[in-house]
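Engineer: Chains as they are written, first to last, in numbering that gives the first Met the number 0: chain A, 0 to 325; chain B, 0 to 325; chain C, 0 to 325; chain D, 0 to 325; chain E, 0 to 325; chain F, 0 to 325.
Below are the structure tokens for one structure; questions will follow.
Protein chains: 6
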Amino acid sequence: MYDVVALGEAMLRLVPPNYQRLEQTTSFNVTIGGAELSVAANVSRLGLRSAWVSKLPTNPMGRMIANKAREHGVDTSHIVWTKEGRAGLYFVEFGSTPRATSVIYDRGGAAASMLGPGEIKWDEILKGTRLFHTSGITPALSQGCREATVEVIEKARAAGCKTSFDLNYRAKLWSAADAKACFERILDKVDIVITTQFDAEEVLGYTGEYEDIAKQFSDNFGTPIVAITLRGVKTVLTGTWTSLVYAEGKVYRDDVAEIEIVDRFGAGDSFTAGFIYGYLNEGVEQGLRIGDAMAAIKHSIPGDINWITMEDVQKFLESKDFRVQR
Amino acid sequence: MYDVVALGEAMLRLVPPNYQRLEQTTSFNVTIGGAELSVAANVSRLGLRSAWVSKLPTNPMGRMIANKAREHGVDTSHIVWTKEGRAGLYFVEFGSTPRATSVIYDRGGAAASMLGPGEIKWDEILKGTRLFHTSGITPALSQGCREATVEVIEKARAAGCKTSFDLNYRAKLWSAADAKACFERILDKVDIVITTQFDAEEVLGYTGEYEDIAKQFSDNFGTPIVAITLRGVKTVLTGTWTSLVYAEGKVYRDDVAEIEIVDRFGAGDSFTAGFIYGYLNEGVEQGLRIGDAMAAIKHSIPGDINWITMEDVQKFLESKDFRVQR
Amino acid sequence: MYDVVALGEAMLRLVPPNYQRLEQTTSFNVTIGGAELSVAANVSRLGLRSAWVSKLPTNPMGRMIANKAREHGVDTSHIVWTKEGRAGLYFVEFGSTPRATSVIYDRGGAAASMLGPGEIKWDEILKGTRLFHTSGITPALSQGCREATVEVIEKARAAGCKTSFDLNYRAKLWSAADAKACFERILDKVDIVITTQFDAEEVLGYTGEYEDIAKQFSDNFGTPIVAITLRGVKTVLTGTWTSLVYAEGKVYRDDVAEIEIVDRFGAGDSFTAGFIYGYLNEGVEQGLRIGDAMAAIKHSIPGDINWITMEDVQKFLESKDFRVQR
Amino acid sequence: MYDVVALGEAMLRLVPPNYQRLEQTTSFNVTIGGAELSVAANVSRLGLRSAWVSKLPTNPMGRMIANKAREHGVDTSHIVWTKEGRAGLYFVEFGSTPRATSVIYDRGGAAASMLGPGEIKWDEILKGTRLFHTSGITPALSQGCREATVEVIEKARAAGCKTSFDLNYRAKLWSAADAKACFERILDKVDIVITTQFDAEEVLGYTGEYEDIAKQFSDNFGTPIVAITLRGVKTVLTGTWTSLVYAEGKVYRDDVAEIEIVDRFGAGDSFTAGFIYGYLNEGVEQGLRIGDAMAAIKHSIPGDINWITMEDVQKFLESKDFRVQR
Amino acid sequence: MYDVVALGEAMLRLVPPNYQRLEQTTSFNVTIGGAELSVAANVSRLGLRSAWVSKLPTNPMGRMIANKAREHGVDTSHIVWTKEGRAGLYFVEFGSTPRATSVIYDRGGAAASMLGPGEIKWDEILKGTRLFHTSGITPALSQGCREATVEVIEKARAAGCKTSFDLNYRAKLWSAADAKACFERILDKVDIVITTQFDAEEVLGYTGEYEDIAKQFSDNFGTPIVAITLRGVKTVLTGTWTSLVYAEGKVYRDDVAEIEIVDRFGAGDSFTAGFIYGYLNEGVEQGLRIGDAMAAIKHSIPGDINWITMEDVQKFLESKDFRVQR
Amino acid sequence: MYDVVALGEAMLRLVPPNYQRLEQTTSFNVTIGGAELSVAANVSRLGLRSAWVSKLPTNPMGRMIANKAREHGVDTSHIVWTKEGRAGLYFVEFGSTPRATSVIYDRGGAAASMLGPGEIKWDEILKGTRLFHTSGITPALSQGCREATVEVIEKARAAGCKTSFDLNYRAKLWSAADAKACFERILDKVDIVITTQFDAEEVLGYTGEYEDIAKQFSDNFGTPIVAITLRGVKTVLTGTWTSLVYAEGKVYRDDVAEIEIVDRFGAGDSFTAGFIYGYLNEGVEQGLRIGDAMAAIKHSIPGDINWITMEDVQKFLESKDFRVQR
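Laid out in structure tokens, this is it:
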């Protein structure tokens with residue numbers, strides 16, 4: 000029924016304006032964010048039919064999260080609503096060199112972390128769905144979420160649905176050992192792994208050249224496609240983006256895009272969304288190109304979600320013209 | 000050492016601008032609030048030496064709370080800092096008739112609720128202190144807080160320190176029965192009770208005329224002074240304020256002040272602060288006058304804390320001139 | 000398939016902050032608005048399945064309009080997207096006594112006005128739909144829109160779908176004579192007419208007591224249900240709201256609600272949405288109650304859309320408590 | 000050459016947003032204000048040719064003041080620019096009942112106060128000018144300003160130019176005795192006096208009914224026209240406005256306008272501007288009507304200057320319709 | 000009578016704050032812009048007497064445009080006011096690498112585009128005027144504007160007034176062929192051509208080195224002075240600025256200025272203004288220097304108009320000191 | 000009693016948002032600033048007990064300054080409050096290349112400048128205090144301030160309190176000759192001199208390599224420690240920071256830190272605070288490291304005060320990781 004279904008937590012994102020520190024601010028700009036929701040929203044913006052599944056509290060904050068998902072065309076009809084728990088928050092503090100941008104999470108007691116296996120009608124949702132996506136954050140939220148994640152990955156595989164998984168290791172949520180144990184239950188049922196070099200090493204101990212890292216997924220779990228996103232950090236406000244995809248024994252590389260950073264959150268999820276879109280439509284190479292375009296452009300847009308259209312992606316792919324577009 | 004010491008929780012207060020509903024906002028104005036902190040800040044603004052005691056997380060939000068207490072001259076050196084727990088939040092949604100202003104608390108897991116007896120050096124703090132204040136919110140936060148509240152009230156009494164207690168019943172935090180059981184452990188050691196008619200009835204079952212309610216405190220607990228704050232609600236944005244004090248068998252009444260409501264939060268705590276100030280300096284009647292002045296003016300000032308000076312109070316007491324003051 | 004389908008134009012609404020005049024402002028707050036879209040959004044917020052049909056330009060402004068419709072759960076899949084035309088705008092200038100709030104429309108050349116009959120697959124959309132709604136603004140936009148409105152009303156009737164029609168006469172868009180000629184082609188196929196006393200007189204020449212006005216619709220067009228919304232204007236910032244419904248020979252009246260006006264736009268559409276919801280679920284009387292509750296509350300909420308839930312409506316219907324809700 | 004020439008100081012006006020107190024704000028909204036500049040701007044907005052004369056520092060603040068004067072069509076070519084002195088400031092703190100709105104001036108050392116007689120080419124400016132206006136603030140600024148004021152009033156009289164003078168007594172700038180001594184040098188050369196009851200009594204000791212006060216100007220100084228502005232203060236945010244004019248032995252009265260106060264600054268100057276406009280065009284009675292219309296509407300508009308057009312005035316004079324104007 | 004008279008359209012410029020995309024914003028900052036108005040405002044700021052001529056609607060938006068012109072000292076007395084048409088708008092979306100800044104125009108139906116020949120008293124306006132300026136946008140607005148442009152250029156030439164013309168080709172408004180046909184009617188009466196390399200090639204087919212391009216104007220139309228502005232684009236937020244002027248067979252070059260881009264709109268018009276100022280006062284070389292100074296500094300200032308003074312220009316010409324100026 | 004006591008003026012800092020020029024802004028962000036207050040606040044943030052001494056007006060602006068000092072834990076109990084004088088202001092205009100950031104002071108008539116010797120109980124304050132700090136701005140404010148500065152330096156020396164002095168030469172306040180004469184009365188009683196190369200040359204005529212400059216202080220005044228702060232200016236928005244300390248014949252150097260400038264005000268005072276903290280705790284070398292860390296980070300934080308913690312300093316000293324910190 001859907002092109003893409005994603006499972007995960009979303010939170011309110013509170014940001015002090017104008018590079019202020021959290022401690023000094025008198026206001027917060029509020030948007031919403033969550034890795035899997037971003038993927039669902041971004042693929043919807045590119046034209047795919049997507050749904051985002053989660054557990055939300057029946058209060059204004061919970062509704063705000065669902066509203067914003069729908070704003071981008073994401074189906075929210077499978078969200079589990081509950082009177083227990085809260086909407087998680089995270090605070091972002093934008094910096095400039097030498098002060099790095101930082102995040103403080105306030106996600107304890109979130110409704111999303113109270114999700115357990117058996118609560119969602121996956122059979123119904125996944126029937127006819129082309130791809131299921133989640134990230135390593137979801138199983139890290141709680142024991143229930145861990146089982147719920149394994150459950151859905153298995154059901155997706157069973158339903159003939161492709162699966163994509165972004166490692167997204169969060170050291171504040173669980174240990175690398177716990178993450179590894181969990182990932183090992185999941186990875187052999189995943190068609191597309193997205194990771195950074197750091198996460199692959201930190202959790203799975205994979206080292207070496209990018210290609211080597213990718214191959215280790217293939218060797219250990221039979222992963223058909225491994226994408227490694229490569230962020231070059233020049234300063235806090237400038238850098239580069241590219242990625243590398245290993246698929247069926249072949250390595251695909253892309254140009255390195257220069258970036259001036261307005262908001263780097265959600266760049267990885269933009270890559271994932273672009274890759275899924277391109278991959279489902281035309282294959283790995285187009286996935287790589289669109290994923291990198293999405294990710295590079297994301298750095299220029301405030302918020303976690305990538306407010307772009309396919310037309311913006313096309314322009315990026317055709318030329319790097321930095322003059323005013325009239 | 001202090002004129003007033005207060006114990007309680009403080010939180011970040013997040014408010015959508017321009018009467019927006021929480022669900023629709025894209026920004027929050029942030030200040031801090033907490034009943035006892037407001038009392039400590041307000042008496043400090045009037046010239047008393049005050050300290051506020053609490054437990055705060057060692058993060059930007061915790062620091063923000065302590066900073067703002069200090070901004071008003073409140074001593075924060077007795078705060079217990081902890082790596083556990085978070086800073087609680089509350090969301091305020093300002094309404095206009097017929098939509099009432101509302102509050103949503105997000106205080107679960109707050110560091111303040113993790114406070115227990117024995118954590119604070121009360122003997123040292125209370126030595127030479129004239130008055131200790133807390134409210135019914137503090138013992139409602141957790142079992143530990145309940146015991147810590149009883150502990151400090153007893154120590155204050157033992158130290159020869161006056162005690163004031165604002166019932167402040169919060170039905171979302173505990174049942175009326177639990178509140179009653181707790182209050183009965185406390186009230187016989189309290190010199191000044193501040194309450195609304197509603198709280199006195201809801202928790203203690205006191206009914207009748209205002210004087211009757213006040214007398215029941217006196218009869219049951221030997222309370223020397225009972226102040227009942229009387230808010231008249233005309234519309235969501237207009238109303239009146241006055242109060243009545245029963246002290247040593249005598250009833251004191253005040254004029255009824257008209258109010259146009261900019262922000263009614265903290266009005267009760269402004270009364271308490273004004274009453275304490277006036278009472279400590281000149282006695283019950285002056286306490287009543289200054290308490291009501293503080294409370295009435297508070298409705299015109301954004302935030303929980305009353306950004307006024309004694310000069311503002313004097314002007315109010317001398318004349319009700321609503322023309323531009325140049 | 001839907002509970003409610005609505006057809007109409009929506010525009011960007013630009014508002015100078017803080018009661019500034021348009022000429023003096025240096026910024027605009029931007030939301031979206033449109034009578035029929037507001038109805039679709041509001042019934043969706045109450046739990047009905049709704050769709051909004053319109054014509055929008057394929058640019059950021061057009062997308063913003065569709066996004067915000069979806070944000071409230073409105074189906075936007077039947078919108079006609081076009082490279083011709085623009086997104087209309089309107090500027091709102093909020094006043095206070097004695098300066099009335101005013102609106103300047105800038106809707107010339109809007110994509111919505113370029114809609115003509117035959118462009119929308121009504122047969123498919125209306126199949127199984129319970130109610131179709133539009134207002135007198137839609138046929139006023141252009142000759143094509145006039146014919147498209149007649150077309151859909153006829154198809155709705157043919158499909159066994161109830162129809163509701165809000166007169167919404169806009170003197171800036173067409174003459175009363177033109178409006179009358181058009182309405183006469185429509186009204187005999189309308190199940191629910193919503194109007195003000197003013198519009199009924201201005202366009203159709205109906206005068207007399209409210210009941211008399213309502214009866215004239217019934218007599219002339221056989222209208223089963225006529226709702227007359229009654230706004231009491233005290234000052235620019237205060238007033239009252241109630242309404243009267245005439246149905247099958249019976250008159251239903253409601254209490255008069257006091258209002259403090261934050262933003263009175265969309266109050267009529269809130270009534271319509273509430274009436275439709277109540278009527279479809281329980282009948283005319285419940286429609287009246289919920290319609291008035293929705294309309295009264297709307298005055299306290301910024302924007303054209305009514306950011307409420309059924310829970311807010313229930314609270315209003317149960318008690319008029321203007322104290323802080325904790 | 001001009002219809003109206005005005006002399007006076009103008010300053011930056013700094014206002015904390017949202018009813019905040021000065022002490023608590025983290026931002027100021029900045030506009031400009033000055034009694035005589037407001038008159039010049041307001042008559043220009045109504046269609047008269049006006050010039051405003053002052054002394055300004057050659058810095059961004061000085062330029063901002065001149066820019067904003069020109070924005071309303073006021074001729075600024077006679078301003079004296081200087082490297083000495085600063086642009087004065089004033090802080091406005093908006094209140095709500097029971098806290099009155101208040102003003103703190105920070106005008107010491109202003110360039111305007113350094114103006115002395117002989118610095119401005121009045122003969123050239125006043126040739127062919129119909130009316131010269133200033134207020135009691137100008138001579139209060141410094142000894143030099145006092146002499147400069149007397150100089151220009153005398154030159155205006157000599158040039159056959161009508162003169163208008165608003166008493167505008169500012170107790171913070173000079174004593175009532177000093178003001179009286181100065182006004183007695185001026186008033187016998189003034190054609191139109193504008194005053195409040197309060198100023199007339201405070202400075203000149205005039206008491207009694209409004210007509211009596213007006214007559215005393217006529218008796219003592221031969222003033223042809225005396226306008227008394229009458230502000231009714233209900234609450235800090237609501238009130239009334241009307242005025243009374245005594246001219247050549249006849250008393251003119253007007254309706255009392257209800258007002259909801261957004262910003263009451265500049266209302267008196269709006270009256271003056273409207274009166275001058277009406278008086279110069281059609282006589283005293285029309286002056287009264289337009290003056291009151293201008294003053295009443297001003298309360299609804301942020302800033303000292305009245306951002307209206309003659310069309311707004313006409314609407315007010317024709318009907319008091321508080322419904323939305325589309 | 001004037002040093003510079005300019006003819007053209009001006010519009011409201013709406014900009015989402017903080018690099019937001021149009022689709023995601025909830026507010027717009029509003030200023031005004033228009034190539035020829037910017038030139039008139041900028042030369043006025045440098046001390047020249049300038050007038051701007053256009054057609055504006057008699058509504059708040061039209062008045063806002065005229066107000067802001069006057070704010071900078073521009074004479075607006077020759078504007079044609081009309082009840083037909085609207086004020087055009089344009090939306091600016093600021094980007095960062097790799098997303099270019101972009102503009103969406105919403106100028107259809109603008110009053111300015113309804114201007115035709117014979118509507119303006121050019122003989123009166125141009126008498127004694129030193130220079131007339133317009134750009135290729137004006138004739139592109141409509142057929143009437145095209146003829147009005149040819150009319151005024153001819154009248155300026157006849158009145159002995161210098162003429163300057165900025166090619167400013169806008170592909171969204173007309174084809175290169177139409178532009179060429181129009182420009183060929185104009186260019187032989189133009190004393191100063193300002194162009195980019197791109198426009199010269201796109202419309203007139205001129206290629207080669209900068210000097211060659213300039214010479215082709217001279218050869219084909221006898222243009223005495225040709226200025227080519229040279230923008231170096233490094234990233235979306237950084238670049239360089241310089242220009243080259245060909246006059247009477249001689250080529251003038253300038254240093255290349257480094258720029259960090261806050262707002263690059265109006266840089267070309269700043270060059271034009273600076274060039275005209277320098278040229279009229281001291282000749283071509285000074286024009287080049289001041290033009291480049293103006294253009295470079297403009298990139299650091301929000302809005303289309305260059306809020307600088309001659310003192311700022313002098314500082315730039317004397318030293319490139321990037322330390323804080325106290 | 001204190002670790003650090005500082006004497007100096009503090010002012011309100013008014014800043015137009017978004018790189019606007021002062022002349023164009025419609026709002027100011029307001030914080031407070033003052034070189035010595037920044038030092039006191041910054042050392043307090045690092046954990047030292049500090050007091051700031053000054054003279055402030057008893058009005059909201061004066062209170063705002065004291066409030067903000069207390070917010071950072073600074074003791075304000077020794078401030079002299081007065082009804083004379085005002086709170087000084089300064090306006091900051093942030094620029095981008097090629098427009099430098101600039102400051103306009105409006106500090107004439109400030110209460111702080113009215114401070115004279117004998118007004119402050121230095122003996123009491125300095126007893127047991129480890130270090131007294133002031134800068135060359137304080138004696139520049141007035142003759143009284145000059146004598147008060149000499150007075151306190153002498154008393155500090157007498158009390159066995161270390162003294163630090165930042166040359167901070169302000170050419171707008173006094174001549175280099177006057178500064179030199181004053182500094183010569185002070186420098187022989189100063190333990191730590193902080194200066195830029197520019198100030199040392201401008202006031203004292205010291206030239207040569209950095210070490211040479213430092214040695215001249217030592218040679219002429221016996222200064223034990225001389226710190227020279229070294230700012231590298233690349234563009235208006237980028238640069239570098241390092242410093243060099245000469246102590247007891249030894250030269251200490253540090254790494255050069257890259258900076259992206261959000262707000263460079265207070266960087267020097269951050270160095271001073273960090274140096275004092277490190278020096279008092281561990282000695283010169285640690286002072287240099289912490290001073291440079293503080294200064295470098297300060298460039299990324301809005302306002303004059305450095306909203307950091309020791310933890311932020313540690314992170315900087317341990318690694319230069321510009322990636323997002325989660």
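Where is the CB? At the ideal position from N, CA and C, for every residue including glycine.
1. For residue 85 of chain A, write down the residues that DSSP places opposite it in a beta bridge.
2. Excluding five sequence neighbours on each side, which residues of the same chain lie with their C-beta closer than 8 Å to the C-beta of residue 65 of chain A?
3. Taking all protein chains shown into account, decide if residue 161 of chain A is buried (16 or more other Cβ within 10 angstroms of its Cβ) or exposed.
4. Apply the 10 Å Cβ neighbour rule to residue 195 of chain A and answer buried if 16 or more other Cβ atoms are within range, or exposed otherwise.
5. Counting only beta-carbon separations shorter than 8 Å, does residue 94 of chain B have a partner in chain A?
6. Nearer than 7 Å: is that true of the beta carbon of residue 39 of chain F relative to any heavy atom of the ligand NAD?
7. Rounded to a whole number of angstroms, what is the C-alpha to C-alpha distance between residue 237 of chain A and residue 294 of chain F?
8. Can you find a C-beta in chain C that's less than 8 Å from the C-beta of residue 305 of chain E?
9. For the alpha helix (DSSP H) that contains residue 291 of chain F, what are its first and last residues?
10. So residue 307 of chain C is in the alpha helix (DSSP H); what residue range does that whole segment cover?
11. Since residue 93 of chain B is in the beta strand (DSSP E), which residue starts that stretch and which ends it?
12. Fully enclosed by the region 107 to 173 of chain C, which alpha helix (DSSP H) runs are 4 residues long or longer?
13. Residue 19 of chain B: buried (16+ other C-beta within 10 angstroms of its C-beta) or exposed?
14. Enumerate in chain order the residues of its own chain whose CB-to-CB distance from residue 300 of chain B is below 8 Å, with the five nearest sequence positions on each side excluded.
15. If you draw a straight line from the C-alpha of residue 167 of chain E to the C-alpha of residue 313 of chain E, how long is it?
Structural biologist: Reading it off the structure:
1. A:109
2. Excluding five sequence positions before and after residue 65 of chain A, the CB atoms of its chain that fall closer than 8 Å to its own CB belong to 55, 75 and 78, given in chain order.
3. buried
4. buried
5. no
6. Here there are no bound small molecules, and the ligand NAD is not part of this structure.
7. 21 Å
8. Residue-level contact check: residue 305 of chain E does not touch chain C, since none of the beta carbons of chain C fall below 8 Å from its beta carbon.
9. Residues 283 to 297.
10. Counting along the chain, residue 307 of chain C falls outside any alpha helix (DSSP H), and DSSP gives it neither H nor E.
11. Note, residue 93 of chain B: premise wrong, no beta strand (DSSP E); not H, not E.
12. 121 to 125, 136 to 139 and 142 to 157
13. buried
14. 261, 262, 306 and 307
15. 28 Å
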